[in-house]
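Worksheet: the structure to be examined is printed underneath.
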Amino acid sequence: DTGVSQNPRHKITKRGQNVTFRCDPISEHNRLYWYRQTLGQGPEFLTYFQNEAQLEKSRLLSDRFSAERPKGSFSTLEIQRTEQGDSAMYLCASSIDSFSSGNTIYFGEGSWLTVV
Amino acid sequence: GQSLEQPSEVTAVEGAIVQINCTYQTSGFYGLSWYQQHDGGAPTFLSYNGLDGLEETGRFSSFLSRSDSYGYLLLQELQMKDSASYFCAVRYNFNKFYFGSGTKLNVKP
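Here is the structure:
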């Protein structure tokens, strides 16, 4: 078990371009979360999946953001027509769907996005 | 909605004890977690309280009072490597997690 894996770790893109981030959760985890974090702030919820179903999206998530989790395994987060305000670290986390073991969500190392 | 309050910054000396408080307003509350994050790194899980009382894990302890909507993280025998940001996070509606803005802990020699 290698933990939650995210790539790319860093991405610099020009405003208006599309970017896609990938997350591979811990293998037995059926819940997957995406968060965004800016400097000096805590992780901010974007969306989460139970298996392949996207159960909730934050109101902060504009129509330019889309996330998928085909087959309930890895997930992708795409940002279309990037804006400078999208510059942040995008964190993926996973967890087991249970009352006790689901207390903990495990984060990946994050994908840093810089929009220039 | 959810809200969390924790101090933005705390400074302590090596070897000392420090307490980081967290108050919350949450509907559908299940429990309170604590995460540590070093600069440039990912948040890592420290502890979780689902019931009132104290949980101890090595040098770290965490406390929860559900009636007061309050918890704290206690770090003992501070080491330089403990310099990091510490986030409290509420688990609510069974499988959702809301994070505070974090407390930056500066440990001085």
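Taken in order, these protein sequences are the chains called A and B. Sequential numbering from 1455 applies to the first sequence in my numbering. Sequential numbering from 4 applies to the second sequence in my numbering. Ideal Cβ positions, reconstructed from N, Cα and C, are used throughout, including at glycine. Given the structure is predicted, the values throughout are model-derived calculations rather than measurements.
Buried or exposed (CB count within 10 angstroms, at least 16 for buried), residue i
i	result
phenylalanine 1519 of chain A	buried
arginine 62 of chain B	exposed
arginine 1523 of chain A	buried
valine 1569 of chain A	buried
asparagine 1472 of chain A	exposed
histidine 41 of chain B	exposed
valine 1458 of chain A	buried
lysine 84 of chain B	exposed
asparagine 1557 of chain A	buried
glycine 1496 of chain A	buried
asparagine 98 of chain B	buried
serine 1549 of chain A	buried
glycine 56 of chain B	exposed
glycine 4 of chain B	exposed
leucine 1514 of chain A	exposed
Straight-line gap, residue i to residue j (C-alpha atoms, nearest Å)
i	j	result
glutamate 8 of chain B	arginine 1469 of chain A	34 Å
tyrosine 51 of chain B	glycine 1539 of chain A	33 Å
alanine 1542 of chain A	serine 1529 of chain A	18 Å
lysine 1525 of chain A	glutamate 1506 of chain A	6 Å
threonine 1467 of chain A	tyrosine 95 of chain B	35 Å
leucine 1545 of chain A	leucine 1500 of chain A	10 Å
alanine 1547 of chain A	glutamate 1498 of chain A	12 Å
glutamine 1437 of chain A	lysine 111 of chain B	Outside the modelled stretch of chain A, which goes from 1455 to 1570, sits residue 1437 of chain A, for which no answer is possible.
serine 36 of chain B	glycine 1494 of chain A	19 Å
valine 13 of chain B	serine 86 of chain B	10 Å
glycine 53 of chain B	threonine 47 of chain B	18 Å
glycine 44 of chain B	glutamate 1563 of chain A	6 Å
phenylalanine 1475 of chain A	threonine 1456 of chain A	18 Å
lysine 107 of chain B	isoleucine 1559 of chain A	21 Å
glutamine 28 of chain B	glutamine 1491 of chain A	21 Å
serine 1481 of chain A	tyrosine 38 of chain B	22 Å
leucine 81 of chain B	valine 16 of chain B	7 Å
phenylalanine 32 of chain B	serine 1565 of chain A	30 Å
glutamine 1504 of chain A	threonine 60 of chain B	30 Å
serine 6 of chain B	serine 1527 of chain A	31 Å
leucine 78 of chain B	phenylalanine 1561 of chain A	22 Å
glutamine 1534 of chain A	glutamate 58 of chain B	44 Å
serine 104 of chain B	serine 11 of chain B	8 Å
cysteine 25 of chain B	aspartate 1517 of chain A	34 Å
glutamate 1510 of chain A	asparagine 109 of chain B	36 Å
serine 1512 of chain A	glutamate 1532 of chain A	15 Å
Next on the checklist: My parser needs the beta strand (DSSP E) runs of 3 or more residues fully inside the region 27–77 of chain B; what are they?
Outcome noted: 32–40, 47–52, 56–60 and 63–68
Item to check | Whole runs of the alpha helix (DSSP H) within the region 1497–1565 of chain A, excluding any shorter than 4 residues | outcome: none
Checklist entry - Would you call the region 1480–1499 of chain A and the region 19–32 of chain B touching, i.e. three or more CB-CB distances under 8 Å? => result no
Checklist entry - Three or more C-beta pairs closer than 8 Å, one from the region 83–90 of chain B and one from the region 65–74 of chain B: is that the case here? => result no
Next on the checklist: Check whether the region 53–67 of chain B and the region 1458–1468 of chain A are in contact - that is, three or more C-beta pairs closer than 8 Å.
Outcome noted: no
Next on the checklist: By the 9 Å beta-carbon criterion, what residues does the region 1474–1485 of chain A contribute toward chain B?
Outcome noted: Arg1485
Checklist entry - Using a Cβ cut-off of 7 Å, which residues of the region 1537–1550 of chain A contact any Cβ in chain B, in chain order? => result Leu1545
Checklist entry - Listed from N- to C-terminal order along the chain, which residues in the region 1555–1570 of chain A have their beta-carbon within a distance smaller than 8 Å of any beta-carbon of chain B? => result Gly1556, Asn1557, Thr1558, Ile1559, Tyr1560, Phe1561, Gly1562, Glu1563 and Gly1564
Checklist entry - In chain order, which continuous runs of the beta strand (DSSP E) of length 3 or greater are located wholly inside the region 1460–1485 of chain A? => result 1464–1467 and 1473–1478
Next on the checklist: Residues of the region 1493–1519 of chain A in Cβ contact with chain B at a cutoff of 8 Å, in chain order, please.
Outcome noted: Gly1494, Gln1495, Gly1496, Pro1497, Glu1498, Phe1499, Tyr1502, Gln1504 and Glu1510
Checklist entry - the region 45–56 of chain B: which residues have C-beta closer than 8 Å to a C-beta of chain A, in chain order? => result Ala45, Pro46, Thr47, Phe48, Tyr51 and Gly53
Checklist entry - In chain order, what residues of the region 68–82 of chain B put their CB closer than 8 Å to some CB of chain A? => result none
Checklist entry - Looking at chain A, which residues of the region 100–112 of chain B have a Cβ within less than 9 Å of any of its Cβ atoms? => result Phe100, Tyr101, Phe102, Gly103, Ser104, Gly105 and Lys107
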